[in-house]
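*Asks:*
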Amino acid sequence: MTTTAEQANGWEPRIVAFFCNWCTYTAADLAGVSRLRHAPNARIIRVMCSGRLDPQFVLDAFARGADGVLVGGCHPGDCHYMEGNYKALRRVRLLERMLDGMGIHRDRFRLEWISASEGEKVKTTINDMVARVRALGPLALPAKFADWDREMDELEHAVAAQTEDVHA
Amino acid sequence: MSYLYFPGCSLRSTGRAYEESILAVFRKLQIPLTELEDWNCCGATAYVSIDENRAFTLAARNLAIAERMQGNGGGDLMAPCSACYLVLEKTQHYMETDEGVKREVTTALHRGGLDYRGTTKVRHPLDILVNDIGIEKIARAVVHPMKGMNVACYYGCQVVRPFQTFDHAAYPTTMDRLVTALGGRSVDWPMKARCCGGSLTGTIQEAGLRLNRALLKEATARGANIILTCCPLCQHNLECYQKRINRRFGESLHMPIAYFTQFLGLALGIPPRELGIQRLFVPLPETDGKRKEVPAHA
Amino acid sequence: MKLPAPPAVRTETTNSPPPMKTVTRRIKFESELDLSFGEHVAERAYGQKLLSCIQCGTCSATCPLSHYMDYTPRKIIAMTREGFKEEVLNSLTIWLCASCYSCTVQCPRQIHITDVMYALKREAIARGFYPAKHPIPVLARAFFNRVMHDGRNTESRLLITLYLRTNPFKMLKEAFLGFHLFRSGRLSLGREHIKGIKELRAMINGPEPRKEAVPL
Amino acid sequence: MPERNGHDAPRIGFYVCHCGHNIAGTVDVAAVAKFAATLPNVVVARDYKYMCSDPGQELITTDIREEKLNRIVVASCSPLLHEHTFRVATQKGGLNPFFFQMVNIRENVSWVNDDGKAATAKACDLVRAAVRRVAVHRALETKHVRIHPDVLIVGAGISGIHAALTLANAGKKVTLVEREPTIGGHMAMFDKTFPTLDCAACILTPKMSAVKNHPNITLWSYSEVTEVSGYVGNYTVKVKRKPRYVSEELCVGCMECIDACVYKEGKTPDEFNQGLSKRKPVYIPFPQATPQVVLIDPETCIEFKSGRCKKTCVEKCDRNAIDFKQKEEIREINVGAIILSTGFKTFDAKRIPYYGYGKFPNVYSSIEVERLVNASGPTSGELILRDGRRPKTVGIIHCVGSRDKNTNRWCSRTCCMYSLKLAHLLKEHSHAEVYNFYIDIRAAGKAYEEFYDKLLEENIHFIRGRVAEVTDWCARPEEKGKLIIRVEDTMIGVVRRVPVDMVVLAVGMEPNADAQDVRRMFNISCSTEGFFLERHPKLAPVDTFTDGIYIAGACQGPKDIPDSVAQAGAAAAQALSLIDAGEVELEPNTAYVVEEDCSGCKSCLAICPYSAISRDEAKQKAVINEALCKGCGTCVATCPSGAIRQNLFEDEQIFSEIRGLLEADEPILTGGEA
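Chains as they are written, first to last, in our numbering: chain U, 1 to 168; chain H, 1001 to 1298; chain F, 2001 to 2216; chain V, 3001 to 3674.
1) What are the start and end residues of the alpha helix (DSSP H) that includes L3340 of chain V?
2) Should N3374 of chain V and D3198 of chain V be called a contact, given that it needs their Cβ atoms to be closer than 9 Å?
3) So, does the CB of I1133 of chain H fall closer than 9 Å to a CB anywhere in chain F?
4) Could you tell me the alpha carbon to alpha carbon distance between S2052 of chain F and I2111 of chain F, rounded to whole angstroms?
5) Put P2004 of chain F into one of helix, strand or coil per three-state DSSP.
6) Mind pulling the chain V residues with CB within less than 7 Å of H1093 of chain H?
7) Taking the continuous beta strand (DSSP E) assigned at S3209 of chain V, which residues delimit it?
8) Quick one: list the residues of chain V neighbouring K87 of chain U, beta-carbon separation under 8 Å, in chain order.
9) Using the beta-carbon count (16 or more within 10 Å), is I3147 of chain V buried or exposed?
10) Taking buried to mean at least 16 other C-beta atoms within 10 Å of its own C-beta, is F1249 of chain H buried or exposed?
11) Nearest to T3062 of chain V by alpha carbon, out of V:T3090, V:N3213, V:F3344 and V:L3340?
12) Tell me the rounded alpha-carbon separation between A1024 of chain H and L1182 of chain H.
13) What are the boundary residues of the beta strand (DSSP E) that W113 of chain U is part of?
14) Give the interface partners of S1082 of chain H over in chain F, defined as CB-CB distance under 7 Å, in chain order.
15) Does E3332 of chain V pass the burial test, meaning 16 or more other C-beta atoms within 10 Å, or should it be called exposed?
16) Who are S3229 of chain V's beta bridge partners in DSSP?
17) Cutting at 7 Å between CB atoms, please list the residues of its own chain near K3345 of chain V, excluding the five before and the five after it.
18) Would you mind giving the Cβ-Cβ distance between A1214 of chain H and M1191 of chain H, rounded to the nearest angstrom? I have them listed as a contact below 8 Å.
19) In whole angstroms, give me the CA-to-CA distance for T4 of chain U and L3605 of chain V.
20) Check whether the Cβ atoms of K3240 of chain V and E3328 of chain V lie closer than 9 Å to each other.
21) Tell me the DSSP secondary structure of E3691 of chain V in three-state form.
22) Under 8 Å between beta-carbons, which chain F residues line up against N1237 of chain H? List them in chain order, please.
23) Alpha carbon to alpha carbon, how far is H2040 of chain F from K2211 of chain F? Give it in angstroms, no decimals.
24) By Cβ distance below 8 Å, which residues in the same chain neighbour T3218 of chain V in space, the five residues on each side in sequence not counted?
25) Just to confirm my understanding: we take A31 of chain U, look at its own chain, exclude 5 residues before and 5 after, and list those with CB closer than 8 Å. What are they?
26) Is the Cβ of L2200 of chain F closer than 9 Å to any Cβ of chain H?
27) Under 9 Å Cβ-Cβ, which residues of chain V neighbour V92 of chain U?
28) Please list, in chain order, all residues of the same chain as I15 of chain U whose beta carbon is under 8 Å from its beta carbon, the five residues on each side excluded.
29) With 8 Å as the C-beta to C-beta threshold (strictly closer), list the residues of the stretch 1158-1188 of chain H near chain V in chain order.
30) Got a sec: is the Cβ-Cβ distance from I2204 of chain F to anything in chain H below 9 Å?
31) Report the three-state DSSP secondary structure of W148 of chain U (helix, strand or coil).
32) So is G2128 of chain F in contact with chain V if we call contact Cβ pairs under 9 Å?
33) Would the beta-carbon of M3491 of chain V fall within 9 Å of that of G3395 of chain V?
34) Which of the three DSSP states, helix, strand or coil, is assigned to G3025 of chain V?
35) Compile a chain-ordered list of the residues in the stretch 2034-2065 of chain F whose CB is closer than 7 Å to at least one CB of chain V.
36) So does the stretch 3467-3478 of chain V actually touch the stretch 3407-3425 of chain V, counting three or more Cβ pairs closer than 8 Å?
So this is what it looks like as structure tokens:
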């Protein structure tokens, strides 16, 4: 693994994790009860079902500076609400294509089925995700937005200046 | 279906008959084998006593070459010697599960201009013959059913442990099924996966001899008239030390020890000389139909 | 530290216990132990699993050689865990292990006992805890030299080296067998070389000489 | 005091819990409180030893009054554990309980991190998110639903029987469903029970007939639950009643038909006797089976196979109970609570081939030996082996399929004690030398150690060592014809070969083969091992994550009879407390439609698994039936115009949470990979 400038500055991946209440959040609790140490980079947001996952949550997380987004739901067939996880899966597949189009690497977004008994899987999934995102380096969308805004401003100024010239 | 072939050092010396019979059988079954290019010693047992990562590197060099050759149309890597098979599998296993091993070995490979991504599958000929080619196909090709052969199938230790997945580690049955399909009778005995002592016959000989004695005696007691092996070291130990065991313990053991590929070759009608039968010290028993060639210096 | 004599196998040990001649005082003081030894070995045997041993004895009972050992494999694990470093590294057990992996596949804690034995052999060699003419370390070293020279090993040469280094008289005992093997074409005195030996040496020796085992 | 509605500007009280050393040992709680104090709207920020304790909760209620707080955030353990506790505290202080947000800094932070700095940083991020979120919380009303007073119990082993009797005696109507033709479960197969050695039948059969005769219990044996729907207090359950081909109402259990069957001898392995004897196509599992009704096995009955049987059974039955045309029936019932007591299965010893089970006839599983020594068993209690011999030496191997990572890693808890019991019984029956091969003797129960002591005094051999192999390979002439047990006597430090005539494998307890299907049907979880998962290992051992569904007995984990009975009583009590409350509070996390935003596109209609959404054709708008909505939120995420919202999980609230997590000015400094 190469050491990037960001890592030298103490950059750490920031992962936002959306976990469903019944399986994956419970599994994360189990990981805690079993004292399974894992990377401290993931921040969990609890939703009742992975079906509640609005693609906008993912986009918003990236836009606000997340380097990766992890979604955890019950295994197929195990959804507490019968089929919410299937709905999540469909949305995630579409969203992945969208993220591809935006140039966001596939390793930055991940859907995992983790049942209430799979504390170990919570640990390995988070560690693996953090390692992958770490290898990719920071996404830093907010900074890019700022750059793009500045470029836009400059462009507008340039255009404005030109127009002035023409009319002058 | 084709395979890369890793002979290993033994098959070029004490295990020559094993190599001869493997090549003959695969030729007969029309399964192409390509010898691994410029293979090196697998890094077996004794070497690991010095330094594990260097031993892994030795094995990994072969895995890496195999991976490169697979890219050019080679198949899984076949390792007939149990020790080679185990060491190659073990290297594969630890490179998959242990970050430290993976890092060190990969760095070492890079120094020699090689890279390994971890895609090589290590296979034993027993596994290939029974699970890829299939017992039915082999049974159809039998021309000399091995009637009258009461076979104690001896798997030895390393081929069924602990990383392989094709058979049970303590009670394997793959070879027994093959023997039955060839018309032989497989003798059920409890020692089929019990260690022959490996290199102990050369180092702490008394212990090694005793292990072999137990194996030979039990096979005899269960009515076997031949033991088949799938490892050059097992074959060597069981066969070459029989006289010494008889002298040392006052036994009268006289058990032919052949490679399972020799047995298979005979059933397929391959001439004994092509299978290296003449290299065995104890003559094979007769089948009901046909008398087998007896080596000159029995 | 050297063992007094090369190993000899005393037979029927269970039936003829050695007569008790002297009264021996036996006690272990905690200060004589090396409490970090267990973790040290565990690390070298790929993971911490040996610490989870429950002393059930499956390894000893499944081992085909345990009845020749001075300590059963179970005891070796217990002693390693508790830091009986000298006893462990001086034991015959580690040299009797024939690497058949019975214990490893049957261990209810999935401890890779064979790899623990390897780790202990390495430690013993690195610290000189073995008799000078003990055949196994010699075999291991001869093996290594042969492979570093040619990339492959020729068993006959290896055996000859072994016997010359340990017990030249054994040569005579084995000569008869050697003759048979040679006649049947199963013993070649020739040598095999690989083409990429330079690269191989670069891989194995590395840019800087590597320590064989890290001393404690 | 009226609840404040929280429309005023947010005044947030923040509390971080030390949880003794559990949180404070890793997370710098004082720093977290200090950090929280700097966040917008936070008026009070405190740390306290145990927030869930009375004084901890008092802190919240007092602050609400004195500091005029209108929002509460507590950073402590998992909301699955104490969210309710703190909502109640919030309410006590005079606020709507939903002006509360919990931060999990124990399970999600302190217990999974060693690095205090990284843990504290993570805790701070989570706190910031919660503070953001709680500011946009709204007051909600808790829903109440009525509870149906009947209870379903699935599985009629000792646990199910005990729970059923407990509830029935309290006047509740119970439907007890059992898959097998008789109730009684594994206990009915046992001969004696440890440590008292009283006979299993003597203590069980009175309870079995009490079940049969109780006016409040409907017993459906030979039946299986096929479908469950509904929610706490209002479950609808479909039960398949398998055909016995004998009318349960007419049959009196005289068993004349069995004698009359054209088969003179049984030909089918008897399931109840573990295949040690044969039964006929018409049979009853055992003489005291409950209900006392025979059944016909269509797989082996000649009438079913060829239609040309003389039907001597029918001739013999003077009550005309035999009915070859009986069909499977599906019954539907409504219940308020469900108790699952589906039990366990014994470990299949064939999975450990080196013990020779299935290969050597004289290797037995412990459950077979239970039948073998049972006075009503296949040999009437005489110890006759499969090869007709009587054993002179017996070896009992403990921990077969227990404490072994290659099979099952857990301790099955009962095997030590039942092995001791069997050792005693075998010695009593045969005067054989009995060896126990054990790893550890676990005799932790009332009078258990005393029982072990008794066995030691009986001169039973105890060899500490896990057996490596049972083999017929004999090394000595005297071993010929014996089974040799190879084991290290770890106390003496030597490998021993013990020749025996009979080997008993003390097989462990496993989840039922269909435990996964059952848990899916009842919408509960399983632990890693596959046993049903309790809501909390200590504080809610018989509850599940699905309200109104309770578990009892060995389906939750290996258990002996006293523990199963105790747990069955607890499950019955939990069900009783639910039913007797009459109604139950539901989490108000349902979805609702904002009419003016709804375009009537119907996207949501198909997506709801509960058909809770319909379309008001007049208004051309979606309508959500709040009673049917379970609150998954899938429709909320689906609605293209954002017209559907979810209480407790509003978009605004989740966006605030995301924003809170990520708005750190500085890059988050953490300690690297765990």
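For every residue, glycine included, the Cβ atom is placed at its ideal position computed from N, Cα and C. A quick note: this is a predicted structure, and the numbers were derived from the prediction, not measured.
*Replies:* For this structure:
1) No alpha helix (DSSP H) contains L3340 of chain V, which is instead part of the beta strand (DSSP E) from A3337 to L3340.
2) no
3) no
4) 8 Å
5) Caution is warranted here: a pLDDT of 40 is assigned to P2004 of chain F, below 50, making its placement in the model unreliable, and the coordinate value is therefore given only provisionally. If DSSP states are grouped into helix, strand and coil, P2004 of chain F belongs with coil.
6) Simply none; closest approach about 16 Å.
7) It is not in any beta strand (DSSP E) - S3209 of chain V instead sits in the alpha helix (DSSP H) that spans A3200 to N3213.
8) I3607, T3634, A3637 and T3638
9) buried
10) exposed
11) V:T3090
12) 17 Å
13) F109 to W113
14) By Cβ distance, chain F contributes nothing, its closest Cβ being about 10 Å from S1082 of chain H, past 7 Å.
15) exposed
16) V:T3236
17) E3510, N3512 and A3513
18) 7 Å
19) Unreliable positioning characterises T4 of chain U in this predicted model, as indicated by a pLDDT of 47, which lies under 50. A coordinate reading is not provided.
20) yes
21) Because chain V in this structure spans residues 3001 to 3674, residue 3691 of chain V falls outside the shown range and cannot be described.
22) Near N1237 of chain H there are no residues of chain F at all, since even the closest Cβ is about 10 Å away, more than 8 Å.
23) Because the pLDDT at K2211 of chain F is just 45, under 50, the model does not fix this residue reliably, and the value given afterwards should be weighed accordingly. Taking the straight line from one Cα to the other gives about 15 Å.
24) K3173, V3174, T3175 and L3176
25) H38, G119, E120, V122 and K123
26) yes
27) What V92 of chain U touches in chain V: nothing, since even the nearest Cβ is about 11 Å away.
28) N41, A42, R43, A66, D67, G68, V69, L70, I126, M129, V130 and V133
29) H1168, A1170 and Y1171
30) yes
31) helix
32) no
33) no
34) coil
35) I2054, Q2055, C2056, G2057, T2058, S2060, A2061 and T2062
36) no
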